[in-house]
Amino acid sequence: MRSLIPLLLFSTALAFATPAPSNLITNLAGRTRLNLDGNWNAIVDPYEIGLGSRFYENRKPKDKSDLVEYAFDAAGTLRVPGDWNTQRDTLLFYEGAVWYQRYFSYHKRGQIRTFLHFGAANYLARVYLNGEKLGEHEGGFTPFIFEVTSRVLEGQNSLVVEVSDVRRPDAVPAMSTDWWNYGGLTRSVDLLEAPETFVQDYFLQLAKGTSDQLAGWVQLNGVREPQTVSVEIPEIGLKKSVSTDANGRAELRFPAKLTLWSPEDPKLYRVVISSGADTVEDQLGFRTIETRGTQIILNGKPVFLRGISLHEEAPFRGGRIVSEEENRTLLEWAKELGCNFVRLAHYPYNEEMVRLADRIGLLIWEEVPVYWDIAWLNAATLENAEAQLRDIITRDHDRASIVLWSLSNETPPGPARTEFLRTMAEFARNLDPSRLLTSAMNHTRPAGTNTRSLDDPLGEYLDVLGLNEYVGWYEHRPEEADAIRWTSPYQKPLIMSEFGAGAVYGKHGDAGTRFTEEYQSNLFEHQISMLRQIPSLAGMSPWLLMDFRSPRRPLAGIQDFHNRKGLISDRGERKQAFYVLQKFYGELAKSGSH
Ligand code: GCB
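Position 468, counted from 1, in the sequence shown is what our numbering calls 453; the numbers after and before it change by one each time, with no gaps.
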């Protein structure tokens, strides 16, 4: 009886944790916008005096005797979008607050609503327009928005944002990650304009279980009475009109003959959604995704996910990605490797990268940063994790490339953690019943000689099981992999979501010498022969495409604060193991199976 009490306590607390519905406006590229990227004034505030000193007022001394101990105009600038760590040498290891400020000029017009949109700010952002607080946002990788119609001024405006990347035990992620805690306004800032009633969001795809019926919904904002919404796909001569309900929502379902989207043929259609004074255009692909036993089924056929894990780190220069070219470099390397799938570990990436995957044909695993240990018993932490999941699903739910939502990575099993993730799984399914849910797990138990079984109750709530294992690196020797067999208590597809070894590009030695290219390529050979033996294996995403910065990797001369498990160095050099995996993926693609 006693042991039930804490269980009851946390489940009651967690039950109140569901966040409000998303207020995001989707498809930024399809809107009228004024881009606010560029050089912003920036005051570094390590002791967090800015709030008490009212930096948000951006005050100037009234006369020569007036004391004002800050000045945005004289503080130096930081580029937006961008992390601060890679913009100033003194900020490489900085974790704290930075106050950003810029002016913009605006011309107000009647019947136009104005919104301020942030692509992402890591981790906590407090936003002020003309000295007034608009609100706060927590979570380093998801977009957020404020309506400023009544607050934006004709002519000059001053926008101030305090961004803090201080790590906290109740945050998501919490205190420890194996990646750089890049702080700042890491993605674009825009002013969006929309008519009084506008298309806020839409979700259009093949109805579950069919390949010739489109289904979904359109959500209007600012509706007072039923409105007509029309959806057009000009290429197939389709035009349908429906009426919204009292909440501005229109449900859709109609037959459509479409070429299905796949990595081999990433067909996108121009789709035009309009209602009253608003028209939004998008490029959408249509495909089905489901599981059958231990297989993943894409457009009715089993698919093996030839994948690679990534971090959203810029090749050649480090730092968070800020350009289309950097997105393209990473995804084209994945293509060169022979991938049809990428795991975007361990947090939501920039929207353009996901859209690029739609265009070039890569399936995506998208993840929220519920990473290692977090405050499982804290209702606010769950609400935060769900809000991040809600916003990334809202941002990306029209992308054909995304087939898997990942709830977490390597979380330690236990009742509070499993209840937390079960709640998240239910939440995700309600928001998007069409995609598959997964998590990268790493708890196993021996199940006979040389056999290991996945041992995590979370598996019950997922559609696809992700398993991270480091045989040959953190345990055993690479050769020992050959004899290891894997099983799972669930009749579900399994993705080996991580395995790998550190290697410094250009460091050579025998296959037994750590951090050599030979060690890494030998490990990949043995992992591959082990993976070939897993009957339920539906895919893999080894760790990882490119070396990346991590404060947990201090080994001088080898790591220098980089995780070296990339198949490509951070300077773009392919290591031997790249070719081992490329060869294997080439064979798989040719045989059409594994
Ligand atoms: C893991 C983590 C990943 C790390 C990797 C490593 O299991 O999921 O974030 O970077 O191992 O290199 O240790």
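Using N, Cα and C, we set each Cβ at its ideal position, and we do this for glycine too.
The Cβ atoms of ASP150 and GLY124 lie no closer than 9 Å to each other. Beta bridge pairing from DSSP links GLU298 with ARG305. Distances from the CB of ASP555 to the heavy atoms of the ligand GCB are all 8 Å or more. Annotated three-state conformation of ARG380 is helix, per DSSP.
For the segment 375 to 447, the full-length alpha helix (DSSP H) segments reaching 4 residues or more read 400 to 416 along the chain. Comparing alpha-carbon positions, the option among TRP390, PHE405, VAL388 lying closest to THR396 turns out to be PHE405.
Closest in alpha carbon position to LEU144, among ILE345, HIS102, GLU464, PHE126, is HIS102.
Within 8 Å of the C-beta of GLY303 there is not a single heavy atom belonging to the ligand GCB. When C-alpha distances from GLY323 are compared across LYS118, PRO333, GLY292, THR99, the shortest belongs to GLY292. Take TYR88, set aside five residues on each side of it, and the residues of its chain with a beta-carbon closer than 8 Å to its own are GLN141, ASN142, SER143, LEU144, in chain order. With contacts defined as CB atoms closer than 9 Å, VAL565 and SER482 fail to qualify as a contacting pair. For LYS118, the enclosing beta strand (DSSP E) has its first and last residue at 117 to 123. Straight-line measurement puts the Cα of LEU283 at about 13 Å from the Cα of ILE349. When the alpha-carbon of GLU352 is set against those of GLY304, THR314, ALA413, the nearest one is in ALA413. Rounded to whole angstroms, MET426 and PRO400 show a C-alpha spacing of 15 Å. Secondary structure at GLU465: helix, using DSSP grouped into helix, strand and coil. Relative to the ligand GCB, the nearest heavy atom lies less than 8 Å away from the CB of THR162. Exposed is the label assigned to LEU540, since fewer than 16 other Cβ atoms lie within 10 Å of its Cβ. Three or more beta-carbon pairs separated by less than 8 Å are not found between the segment 109 to 121 and the segment 176 to 193, which leaves the two stretches without contact. Across the structure, GLY278 and ALA486 are spaced so that their CA atoms are roughly 31 Å apart. The residues ASP467, in chain order, have a CB closer than 6 Å to that of SER514 in the same chain once the five nearest residues on each side in sequence are set aside. By the CB criterion at 9 Å, ARG234 and GLN204 fall inside the cutoff. Between the beta-carbon of ASP555 and that of ASP532 there is about 4 Å, and that keeps the pair under the 8 Å contact cut. Sorting ASN12, THR3, ASN548, PRO6 by C-alpha distance to the C-alpha of ASP267 places ASN12 at the top. Comparing alpha carbon positions, the residue from ARG94, ARG305, LEU422, PRO527 closest to LYS477 is LEU422.
Contact between ARG559 and ASP163 is absent: CB atoms are separated by about 23 Å, not below the 8 Å threshold. Taking every protein chain shown into account, the CB of TYR32 has fewer than 16 other CB atoms within 10 angstroms, so this residue is exposed. Contact between the segment 187 to 194 and the segment 382 to 395 is present: three or more C-beta pairs spanning the two stretches fall below 8 Å. Going by beta carbons, LEU443 and SER391 fall outside the 9 Å limit. Under DSSP, HIS547 takes part in a beta bridge, and its partners are ARG534. A direct Cα-to-Cα measurement between THR195 and PRO418 gives close to 14 Å. In the structure shown, VAL83 adopts extended strand secondary structure according to DSSP, grouped into three states.
The beta carbon of GLN561 is closer than 6 Å to those of GLU502, SER506 in its chain, skipping five residues each way along the sequence. In this structure, the C-beta of LYS550 approaches the ligand GCB to less than 8 Å from one of its heavy atoms. A contact is defined here as three or more CB-CB pairs under 8 Å, and the segment 296 to 311 fails this definition with respect to the segment 356 to 373. Measuring C-alpha to C-alpha distances from GLU117 to each of PHE129, VAL133, TYR490 identifies VAL133 as the nearest.
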